[in-house]
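Protein sequences, first through last, are from chains A and B.
In this text, residue positions in the first sequence follow the numbering used here: the first is -1, and each later residue adds one.
In this text, residue positions in the second sequence follow the numbering used here: the first is -1, and each later residue adds one.
Number of protein chains: 2
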Amino acid sequence: MTADDETTARPPAPGRRDILEAAATAFTRNGYAATTIDDIAREMGATKGRVYHYYRAKADVFLDIVTTGMQELIDGIEPIAGNGGLDPATRLWRMAHHHAGLMMTRNSFQRVAMRAVEMRRLGEAPAQQQALETVIAMRDRYEQIFADVIDEGRKAGVFREVDSRLATKPLLGALNWISLWYDPQRGDYNTRQRLADEYADFIVGGLCRSPR
Amino acid sequence: MTADDETTARPPAPGRRDILEAAATAFTRNGYAATTIDDIAREMGATKGRVYHYYRAKADVFLDIVTTGMQELIDGIEPIAGNGGLDPATRLWRMAHHHAGLMMTRNSFQRVAMRAVEMRRLGEAPAQQQALETVIAMRDRYEQIFADVIDEGRKAGVFREVDSRLATKPLLGALNWISLWYDPQRGDYNTRQRLADEYADFIVGGLCRSPR
DNA sequence: GTCTATATGTGGATAGAC
DNA sequence: GTCTATCCACATATAGAC
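Below is the structure:
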């Protein structure tokens, strides 16, 4: 294991943290293209000199938010998916529950991360293009973790006969959509838990064999 | 019923159709803010003079796409929701199926429409701001149509005990997400039907009483 | 109705003071 | 490490020819 493992993003350095938080908030408010570097700087009570001291370009700030967000997702569900002591339906329920939670508690980062995946290009720089494709690859890996658990449940007979890879689409679509409508200002711990419960029930219910 | 009914958008005039199609394609590719009027014009083999002959501003083009897309959604499901001859689960299944279909066959319009709802502002002009809020209102009405059918099914005992309004979130989230990953270039009629079937099954299954 | 200029504002990125 | 000042490219929107 090297310190520069390609498939694992490390948390951002302390100096960059404030910038990422401010930028995530600003991107969430107005979207990537409509957000200016001045917006980001103003969000943290500074000027753009500060931003450009830590990042070469706006796209790099964006990519750092996105990879951080994706890594948070992966770190959260991998231990659940790999817990062989639990049956597949329970694991899927907990994975969905955890994912839903992150969409709320880490709303700005996750909302920005969700947007990145639908982008095709992110500018002229080939390095940034490659970074964007790395993010897409992280998303694919993430979907595959869900697909594997679905396959286990299907073979065990608890889930319907579905194409597991395709089945992740409505499942994660429902969950990801939370990042678009949930208002992080509102709601306490309990309401978030109840909401995540509802989502997890809905998702596992949608995959289980029909009662008829 | 007046010709200028506030709650019903009419289809765009013929001269505007080409512009909307081109703009929807361009917005889908690069997003609203990153798309230039030149991009839109180039998309239809013209120059910006043409666009500005029909629309005062880029935001107006955007809003015309969005209201058209939302109206297509409403027109499609209202007759299904109002069909008293069908039980609630069947109606919900068909509504979900139809919605899924529009996300694929009308991908560019629907993808742009989905984006509008998450926007808070769309520029400085108050008229555009008001138009954006009208779109949000259309979305709310649309969600309510689903919520009403869910309530019927809940009272009839076929659906779980859920907050119907909240239940529309995972349901429509799963469906709307299609617009983000589906590639309209690929897939024929049959594959679209199969996909819509899967989604409708998943959604109705997620709301039905658990088999246990 | 559609085009080619062009006026005008704005935003990403850099240079260099402190 | 943070700031101010500035360059330069580009995009919206307009004016006016055809």
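Just so you know, even glycine gets a beta-carbon here, dropped at the ideal spot from N, CA and C.
CA-to-CA, the gap between Gly13(B) and Tyr50(A) works out to about 46 Å.
A straight line joining the alpha-carbon of Ile148(A) with that of Val160(A) spans about 9 Å.
In the DSSP assignment, Met117(B) falls outside any alpha helix (DSSP H) and carries neither an H nor an E.
Counting along the chain, no alpha helix (DSSP H) covers Glu159(A), and no H or E run does either. Its chain contains Leu61 as the residues whose beta carbon lies nearer than 6 Å to that of Ala129(B), once the 5 sequence neighbours on both sides are disregarded; these appear in chain order.
Looking from the CA of Ala114(A), the closest CA among Ala21(B), Glu19(B), Arg27(B), Thr23(B) belongs to Arg27(B). Residues are counted here when their Cβ sits less than 9 Å from a Cβ of chain B; for the stretch 185 to 197 of chain A these are Leu193, Glu196, Tyr197, given in chain order. Each of Thr103(A), Met102(A), Ala21(A) was checked against the Cα of Ile38(A), and the nearest Cα belongs to Ala21(A). In this structure the stretch 175 to 184 of chain A touches the stretch 165 to 182 of chain B; the number of beta carbon pairs closer than 8 Å is three or more.
Closer than 8 Å to the CB of Leu164(B) there is at least one CB belonging to chain A. By the CB criterion at 8 Å, His96(B) and Gly74(B) fall inside the cutoff. By alpha-carbon distance to Met42(B), the top candidate from Arg15(B), Asn188(B), Tyr187(B) is Arg15(B). A straight-line Cα-Cα distance of about 19 Å links Gly151(A) and Cys206(B). When rounded, the separation of the alpha-carbon atoms in Ala154(A) and Gly99(B) is 32 Å. Leaving aside the five residues that flank Gln108(B) on each side, the residues in its chain whose CB is nearer than 7 Å to its CB run, in chain order, Gly67, Leu100, Met101, Ser177. Across the structure, Asp181(A) and Phe144(B) are spaced so that their CA atoms are roughly 22 Å apart. When C-alpha distances from Ala165(B) are compared across Arg8(A), Arg192(A), Glu70(A), the shortest belongs to Arg192(A).
Nearest to Arg8(A) by C-alpha distance, out of Gln69(A), Gly203(A), Met136(A), Asp199(A), is Gln69(A). By alpha-carbon distance to Met93(B), the top candidate from Glu141(B), Val133(B), Arg48(B), Glu122(B) is Glu141(B). Bounds of the alpha helix (DSSP H) holding Gly13(A) are 12 to 28.
Between Gly43(A) and chain B, the shortest Cβ-Cβ separation is not below 8 Å.
Ala44(B) and Asp36(B) have their alpha carbons spaced roughly 9 Å apart. Relative to the Cα of Asn105(A), the nearest Cα in the group Asn188(A), Val64(A), Val156(A) belongs to Val64(A). Annotation for Pro86(B): the continuous alpha helix (DSSP H) segment containing it runs 86 to 103. Cβ proximity to chain B below 8 Å picks out nothing from the stretch 57 to 75 of chain A.
Under a criterion of Cβ atoms nearer than 7 Å, the residues of chain A adjacent to Pro168(B) are, in order, Ala172, Tyr197, Phe200.
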